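Quick notes on the structure that follows.
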Amino acid sequence: MKPWQAFSRFRWWHEAAIAVMLAGLLVVAGWLMPTFLKLESQLLLSRQLWELAIVTLGMTLIVITGGIDLSVGSTMGLCAVVFGICFSATGSVALACTASLIAGVACGALNGVLISKFQLHPLIITLATFAAFRGIAEGISQGAAYSKFGAAFGQVARGSFGGIPYAGFLFAGLAVAIGVFLARTAHGRFIYAMGHNETAARFAGVAVDRYKFWLYTLSGFLAGLSTIIYVSRFDTARADAGKGLELDAITAVVVGGTSIFGGRGNIIGSVLGLLLIHETRLFVSRYWQIDELRSIVIGILLIVSVLLYRGLERKNRD
Amino acid sequence: MTIRQLLFTSLCVFTFSLAGCQPSQPASGSGADGNSSGVKKIKICLLPKIKGISYFSSCYKGAMEAAKELGNIELIYDGPTDGDPKKQAEMIDQWVVDGVDVICVSPNAPDVVASAMTEARAAGVKVITWDADGSPASRELFVNQATSQSIGEGMVNAMVGDLGENATGDVVIISSDATSANQNAWIEVMKPALAKTKLNLATIKYPGENASNALADAMDVIKKYPQLKGIFGISSVSFPGAAEGVEQSGKTDEILVTGLSTPNDMKKFVQKGSVKSVVLWNTIDLGYLTVYVGDALARGKLEKGSTKLQAGRLGEKQIAGDNVMLGDILVFTKDNIDQFDF
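Residue numbers (the numbering used here), protein chains in the order written: chain A, 167 to 484; chain B, 3 to 344.
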């Protein structure tokens with residue numbers, strides 16, 4: 167057996183490829199900027215990642231079913247406004263957090279109902295709610311910003327235990343739970359089946375519509391959850407929370423090797439994709455100190471990774 | 003070679019290079035902090051509200067001049083291109099991690115950056131605000147370009163002066179974000195100042211730091227208030243936006259626009275006559291003074307409670323409480339605007 171034949175039987179080469187890219191980036195970054203790899207600073211700056219990371223988990227499941235959720239960023243905007251209004255009315259952070267979660271679930275459930283009951287394409291539905299949720303958020307808040315939630319609440323995003331931010335633990339817990347759910351349960355297999363061929367899955371007795379409803383609801387819930395971290399990090403709740411986050415989440419999912427057409431991908435890939443995007447951004451903005459370079463580099467990264475996967479994919483079919 | 007072979011090979015190469023690179027890292031890291039001249043080089047970060055608009059670019063010009071004069075300063079100038087205060091907060095976090103000495107912030111929304119600034123101070127970084135103030139606990143000093151009193155009254159006086167003492171009718175204010183501390187402070191001064199005149203403040207618009215929104219808001223108020231005599235554009239973005247709006251609706255002769263912006267942005271309007279006065283301070287001096295204050299703080303030259311600071315070519319500057327005062331406002335008119343290039 168030739169060495170590359172053994173390599174082709176290896177099932178994790180998507181993940182391996184991205185891990186290699188990540189390692190390569192870290193080596194180059196550490197070489198050009200020795201302070202870059204310092205664990206302490208990496209952990210401190212990881213707070214720029216967690217909200218996106220949590221939303222990406224839900225997005226991964228949805229993209230595996232062949233769907234997409236463009237509304238997560240706008241959902242966060244609406245949740246932030248609900249958070250702010252609830253806080254200014256009651257003065258209780260706990261109630262405001264609960265309200266944010268409920269708002270997230272409601273937004274997600276609305277997407278779920280529209281997509282599963284009316285059999286409309288998720289791209290269209292969530293594009294509509296993408297605009298609508300943000301509009302509602304701006305409308306009810308009139309552009310106002312809610313602030314001064316107290317120093318204790320600020321620690322939700324800025325505090326840490328043993329150097330690791332609280333949000334990091336939350337994300338790790340969620341990632342493991344969702345990863346196991348996807349890889350080790352029958353529900354997870356059904357989600358892949360839906361992505362491969364929805365009609366076939368339907369005929370095989372998979373409750374496709376119910377899965378769709380719950381997945382979009384989960385995505386909304388995660389958006390509500392990351393809103394809490396987001397609001398805590400900036401001590402501000404405003405209708406522009408999470409703007410553009412949906413595209414970052416989709417980018418992370420695709421860079422992580424999940425097929426945008428569904429049926430392939432996993433949580434480990436998405437986590438690696440997230441890390442790759444996060445580290446690339448950090449390096450670019452810390453090394454060159456030019457803010458606008460970040461998005462350019464992420465765009466290049468997306469194209470390169472997709473081309474790489476396509477190359478691998480084509481070979482894999484024969 | 004197939005793509006799989008290629009990938010396999012590159013994986014091997016990467017693994018080897020990874021192994022080869024690791025031990026050499028600590029070597030390249032050591033000795034980076036030393037400085038041959040003996041004087042410590044300090045890193046000063048200048049964070050504008052938005053990068054790339056002429057107002058802040060002109061401040062940067064002054065800052066570079068000061069950094070060059072003082073020597074041993076590494077000046078970093080970066081800010082969000084879209085004026086997003088959340089990006090400002092993230093930049094502050096990153097600079098703290100990179101171990102800079104001074105961070106000078108012009109906060110777009112004081113609450114959003116407050117926790118990042120407080121954390122930076124806790125980490126031993128000197129944090130000052132310039133151009134716009136943040137919450138007092140989040141910074142050591144504020145480099146104040148001009149008091150809100152002098153700016154607010156300056157704009158009202160310019161409007162009344164240009165319209166004529168006894169002018170009546172409506173005026174509107176086109177501000178920046180509803181959260182902008184500067185603009186809100188000026189509005190608080192302008193309200194009573196306008197009440198003393200015969201002009202009536204009809205409404206205040208908040209288009210954000212966005213010229214096309216400001217233009218749309220101007221068109222909107224022109225339609226809505228037939229008695230409109232004047233528009234105050236009180237940010238360097240909304241002023242040209244409002245002036246453009248008045249020109250596009252063909253009301254140049256009936257509606258006067260005044261406010262606050264940089265001379266270069268307003269030159270064409272002033273030359274055409276649709277704008278008569280532009281109120282501002284010397285932005286180059288503002289950037290210059292900010293770097294001087296940052297340098298003095300970092301090198302321990304500025305003690306708590308000092309009332310004066312020697313700032314290079316600007317001479318001695320007053321410190322009132324925790325505000326370093328730049329000085330008076332400047333009014334640009336058709337006669338003097340061409341002398342300024344920023």
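Where is the CB? At the ideal position from N, CA and C, for every residue including glycine.
All of these numbers come straight from a predicted model, not from anything done at the bench.
Beta-carbon neighbours of residue i, restricted to chain B and to distances below 7 Å
{"i": "F400/A", "result": "K88, A91 and V114"}
Closer than 7 Å at the beta carbon, the chain A residues around residue i
{"i": "V99/B", "result": "S207, L210 and L211"}
{"i": "T181/B", "result": "A311"}
{"i": "P82/B", "result": "D457"}
{"i": "I78/B", "result": "Q455"}
Cross-chain neighbours of residue i in chain A, by beta carbon under 8 Å
{"i": "Y208/B", "result": "G309"}
{"i": "S117/B", "result": "G320, R324, R399, F400 and D401"}
{"i": "E121/B", "result": "R324"}
Unbroken beta strand (DSSP E) run spanning residue i, endpoints
{"i": "F322/B", "result": "The question names Phe, but residue 322/B is Ala in the sequence shown. First-last of the beta strand (DSSP E) with A322/B: E318 to A322."}
{"i": "T260/B", "result": "L258 to L262"}
{"i": "W345/B", "result": "Shown here, chain B extends from 3 to 344; a query on residue 345/B therefore has no answer."}
{"i": "D172/B", "result": "G171 to I176"}
{"i": "G410/A", "result": "Where G410/A is concerned, there is no enclosing beta strand (DSSP E), given that its DSSP letter is neither H nor E."}
{"i": "Q312/B", "result": "K310 to Q312"}
{"i": "L277/B", "result": "Just to set this straight, residue 277/B is Val in the shown sequence, not Leu. Looking at the DSSP string, the run of the beta strand (DSSP E) that includes V277/B is V277 to L282."}
{"i": "K207/B", "result": "L201 to K207"}
{"i": "N110/B", "result": "Careful: N110/B lies outside any beta strand (DSSP E) and carries neither H nor E."}
{"i": "N79/B", "result": "Reading off the sequence, residue 79/B comes out as Tyr, not Asn. Unbroken beta strand (DSSP E) run through Y79/B: I75 to Y79."}
{"i": "M327/B", "result": "N325 to M327"}
{"i": "L381/A", "result": "First-last for L381/A: V374 to F400, but that is the alpha helix (DSSP H), not the beta strand (DSSP E)."}
C-beta contact flag for residue i and residue j at 8 Å
{"i": "C61/B", "j": "T285/B", "result": "yes"}
{"i": "F379/A", "j": "G278/A", "result": "yes"}
{"i": "C273/A", "j": "A265/A", "result": "no"}
{"i": "V374/A", "j": "A367/A", "result": "yes"}
{"i": "G224/A", "j": "L440/A", "result": "no"}
{"i": "I184/A", "j": "G435/A", "result": "yes"}
{"i": "S207/A", "j": "V99/B", "result": "yes"}
{"i": "L203/B", "j": "V248/B", "result": "no"}
{"i": "S263/B", "j": "F234/B", "result": "no"}
{"i": "I443/A", "j": "T424/A", "result": "no"}
{"i": "W188/B", "j": "S137/B", "result": "no"}
{"i": "Y294/B", "j": "A68/B", "result": "yes"}
{"i": "L391/A", "j": "I268/A", "result": "no"}
{"i": "V162/B", "j": "T199/B", "result": "yes"}
{"i": "E419/A", "j": "T446/A", "result": "Reading the sequence as shown, one finds Val at residue 419/A and not Glu. For V419/A and T446/A, no; Cβs fall outside 8 Å."}
{"i": "V333/B", "j": "G156/B", "result": "yes"}
{"i": "V259/A", "j": "F319/A", "result": "yes"}
{"i": "K42/B", "j": "V102/B", "result": "no"}
{"i": "F299/A", "j": "S212/A", "result": "no"}
8 Å contact criterion, which residue i and residue j should meet: CB distance rounded
{"i": "A370/A", "j": "G243/A", "result": "Incorrect: roughly 39 Å between the Cβ atoms, too far for contact."}
{"i": "V158/B", "j": "A111/B", "result": "In fact, because the Cβ distance is near 26 Å, the residues do not count as touching under 8 Å."}
{"i": "L48/B", "j": "I78/B", "result": "7 Å"}
{"i": "A415/A", "j": "T222/A", "result": "5 Å"}
{"i": "V421/A", "j": "S471/A", "result": "5 Å"}
{"i": "G386/A", "j": "T201/A", "result": "Incorrect: roughly 39 Å between the Cβ atoms, too far for contact."}
{"i": "D133/B", "j": "S152/B", "result": "That pair is no contact at about 15 Å."}
{"i": "P82/B", "j": "K53/B", "result": "7 Å"}
{"i": "I206/B", "j": "S177/B", "result": "6 Å"}
{"i": "G428/A", "j": "T231/A", "result": "6 Å"}
{"i": "T260/B", "j": "K278/B", "result": "7 Å"}
Host alpha helix (DSSP H) of residue i (start-end)
{"i": "Y62/B", "result": "S56 to L72"}
{"i": "L544/A", "result": "Since the first residue shown for chain A is 167 and the last is 484, residue 544/A is missing from the structure and cannot be characterised."}
{"i": "I268/A", "result": "V259 to F284"}
{"i": "V437/A", "result": "I433 to W454"}
{"i": "S146/B", "result": "Reading off the sequence shown, one finds Asn at residue 146/B, where the question assumed Ser. Looking at the DSSP string, N146/B is not in any alpha helix (DSSP H); the run it does join, the beta strand (DSSP E), is L143 to N146."}
{"i": "G250/A", "result": "V238 to T256"}
{"i": "V102/B", "result": "Looking at the DSSP string, V102/B is not in any alpha helix (DSSP H), and its letter there is neither H nor E."}
{"i": "V158/B", "result": "S150 to L165"}
{"i": "F335/A", "result": "Y332 to R350"}
{"i": "V239/B", "result": "Careful: V239/B lies outside any alpha helix (DSSP H) and carries neither H nor E."}
Neighbouring residues, chain B, relative to residue i (Cβ below 8 Å)
{"i": "K314/A", "result": "D113"}
Contacts that residue i makes with chain B (C-beta to C-beta distance below 9 Å)
{"i": "Q214/A", "result": "E92, D95 and Q96"}
Residue i Cβ short of 7 Å to the ligand MN heavy atom set
{"i": "I434/A", "result": "The ligand MN is not among the ligands present in this structure, which contains no ligands whatsoever."}
Got a sec: which bits of the region 455-481 of chain A sit with their beta carbon under 9 Å from any beta carbon on chain B, in order along the chain? Against chain B - using a Cβ distance shorter than 9 Å - the residues of the region 455-481 of chain A are Q455, I456, D457, E458, L474, G477, L478, R480 and K481.
Short of 7 Å Cβ to Cβ, which residues in the region 436-456 of chain A face chain B? Taking 7 Å as the Cβ-Cβ cut-off against chain B, the residues of the region 436-456 of chain A that qualify are S451, R452, Q455 and I456.
Under 8 Å (Cβ pairs) to chain A, residues found in the region 49-61 of chain B: Residues passing the 8 Å Cβ filter: K53.
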